[in-house]
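K.L.:
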Amino acid sequence: MTQQVIGRPLRVSAREVWRGGSQELIDWFVDHPSALNDMLDLPFVSVQRGRVNSSYAVDLLAEDAEGRPAVIEVSLSRSGNAGLGRLITYASVLQAGTAVWIVEDITAEHVSAVGWLNRSGIANFYLIQVQCLKGSDGTATHLLTRILGPSNLIRSAESERRSLMDHSDLRLAFFEHLGSQSYAPVMVPATKGSASVVHRLTRLPGVTYNFLVEPYECGAEIRIIGTRERRNEANRIFQALLARRGELEAGLVPDVLLWESLSPGNFRIAVMMPGGYASPDGEWDEIQLQLVELMRRMRMNFKKHLHSLADH
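So our numbering is basically just the index in the sequence shown, starting at one, shifted up by 381.
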């Protein structure tokens, strides 16, 4: 497999590169354990195909420098509850200190789930996305992106202090701090309990660019909301953008676009990054600078497509 991409890359299905499916990628990790070490910053002593018992077979079993087991689940598909359930089961049976979930497409719900597992402190959970890119000359390569991992803040005194505070107060304080920065204008003031705040309107009714924040992650989103009378229009806009998914996702590599239908006439297209309102106050400035840059890239990537939809 060629590891060089020539020309502007286009994201393709991972199975176009790993034609043998997940099993071929699993074999590749066995032959290239350093890829996991570099990604997770963990010096695994060994990476091999693993088996828990006659009933459960883990994709990969590793061991860290202290002899603690690590379980790794690999899937060239969309993240699903079954895959996450297997990972938790294997980690529990083996009393693993580390659990790694490698998938092709990731939903916001599963990003939140892995974040919640890390906050529980039962093990260190990592969420990795595998993407495959094809250059203009047809050469292909893969890209591994660490989406989420454990944070030492979870067990720190700072986190303990913040856990006593009301989360809605922290979220509101984060948004107010963001809105006070000259580089991050907010059109609609944040309200207590709201998980997002409007950054920019678009020429399309009901379509806005929003900042959103969770305890240990934040992001930029395009929100598409249609009233009862405009649900069909909201659906049309979302489906039109979804039809251009390959081009839009390629423009944001290595960041991951999450496409969600939340309810009838209510859609979200989001990009998430580490760092949220539960991070220490001293880190908020840097987190918010990165968040604003993420929003800038999001807007540049979608601008012409939204303008085209507004003109028709």
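Glycine residues also receive a C-beta, built at the ideal position from the N, C-alpha and C atoms.
So who's on the other strand from V428, going by DSSP bridges?
P.N.:
Your numbering for residue 428 matches position 47 in the sequence shown. V428 is bridged to A443.
K.L.:
With C-beta atoms as the reference, is A651 less than 9 angstroms away from G607?
P.N.:
Mapped onto the sequence shown, residue 651 falls at position 270. Mapped onto the sequence shown, residue 607 falls at position 226. Taking 9 angstroms as the Cβ cut-off, A651 and G607 do not qualify as a contacting pair.
K.L.:
For the segment 609-616 against the segment 661-672, do three or more pairs of beta-carbon atoms, one drawn from each stretch, fall closer than 8 angstroms, so that the two count as touching?
P.N.:
no
K.L.:
On the DSSP bridge list, what partners appear for I509?
P.N.:
On the sequence shown, position 128 is the one that residue 509 refers to. Per DSSP, I483 and R527.
K.L.:
Find out if the Cβ-Cβ distance for the pair R527, M654 is shorter than 9 angstroms.
P.N.:
Within the sequence shown, numbered from 1, the residue matching residue 527 stands at position 146. Within the sequence shown, numbered from 1, the residue matching residue 654 stands at position 273. The answer is no: Cβ separation not under 9 angstroms.
K.L.:
Would you list the residues sitting across from G600 in a DSSP beta bridge?
P.N.:
One-based indexing of the sequence shown puts residue 600 at position 219. Paired residues: L593 and M653.
K.L.:
Residues in its own chain within less than 6 angstroms of T479 by CB, not counting five upstream and five downstream?
P.N.:
The residue you call residue 479 lines up with position 98 of the sequence shown. Annotation for T479: A451 and N505 place their beta carbon closer than 6 angstroms to its own, counting only its chain and skipping 5 residues before and after.
K.L.:
Going straight from the alpha carbon of V594 to that of Y658, what length do you get?
P.N.:
Within the sequence shown, numbered from 1, the residue matching residue 594 stands at position 213. Within the sequence shown, numbered from 1, the residue matching residue 658 stands at position 277. Taking the straight line from one Cα to the other gives about 7 angstroms.
K.L.:
For V481, I'd like the list of residues in its chain whose CB is within less than 6 angstroms of its CB, leaving aside the five on either flank, ordered along the chain.
P.N.:
To locate residue 481, count along the sequence shown from 1; it is residue 100. Around V481: I453 and Y507.
K.L.:
By DSSP, does L622 sit in helix, in strand, or in coil?
P.N.:
Locating residue 622 in the sequence shown gives position 241, counting from the first residue. Residue state, collapsed to three classes: helix.
K.L.:
Can you tell me whether DSSP reads V452 as helix, strand or coil?
P.N.:
Residue 452 sits at position 71 when you count from the first residue of the sequence shown. DSSP, reduced to helix, strand and coil, places V452 within a strand of the structure shown.
K.L.:
Just verifying my parser: in three-state terms, what is the DSSP assignment at W665?
P.N.:
Taking the first residue of the sequence shown as 1, we reach residue 665 at position 284. Three-state result, W665: helix.
K.L.:
Alpha carbon to alpha carbon, what distance is there between S394 and C513?
P.N.:
The count along the sequence shown starts at 1 and reaches residue 513 at position 132. The count along the sequence shown starts at 1 and reaches residue 394 at position 13. Near 6 angstroms, if we compare the C-alpha coordinates of S394 and C513.
K.L.:
Measure the CB-CB distance between R649 and A494 and report whether it falls below 9 angstroms.
P.N.:
As a working note, residue 649 is residue 268 in the sequence shown. As a working note, residue 494 is residue 113 in the sequence shown. No, these two residues do not count as a Cβ contact at 9 angstroms.
K.L.:
Please list the terminal residues of the continuous beta strand (DSSP E) segment that includes S644.
P.N.:
Counting from one through the sequence shown, the residue named residue 644 turns up at place 263. Its beta strand (DSSP E) spans residues L638 to S644.
K.L.:
Can you tell me whether V579 is helix, strand or coil according to DSSP?
P.N.:
What you label residue 579 is simply residue 198 of the sequence shown in a count that begins at 1. It is a strand residue.
K.L.:
Which of the three DSSP states is assigned to I407 in this structure?
P.N.:
Start at 1 with the first residue of the sequence shown, and residue 407 comes out as number 26. Residue state, collapsed to three classes: helix.
K.L.:
The alpha helix (DSSP H) that contains A472, what's its start and end?
P.N.:
Position 91 of the sequence shown holds residue 472. Where A472 is concerned, the enclosing alpha helix (DSSP H) stretches over N462 to L475.
K.L.:
Within 10 Å of its beta-carbon, does P661 have 16 or more other beta-carbons around it, so buried, or fewer, so exposed?
P.N.:
Locating residue 661 in the sequence shown gives position 280, where the first residue counts as 1. So P661 counts as exposed.
K.L.:
Could you check which residue in A554, L623, H523 and N591 has the C-alpha nearest to that of P635?
P.N.:
One-based indexing of the sequence shown puts residue 635 at position 254. For P635, the nearest C-alpha among the options comes from H523.
K.L.:
Is it buried or exposed for M681, if we count other Cβ within 10 angstroms and need 16 for buried?
P.N.:
As a working mapping, residue 681 is identified with position 300 in the sequence shown. Exposed, because fewer than 16 other Cβ atoms sit within 10 Å of the Cβ of M681.
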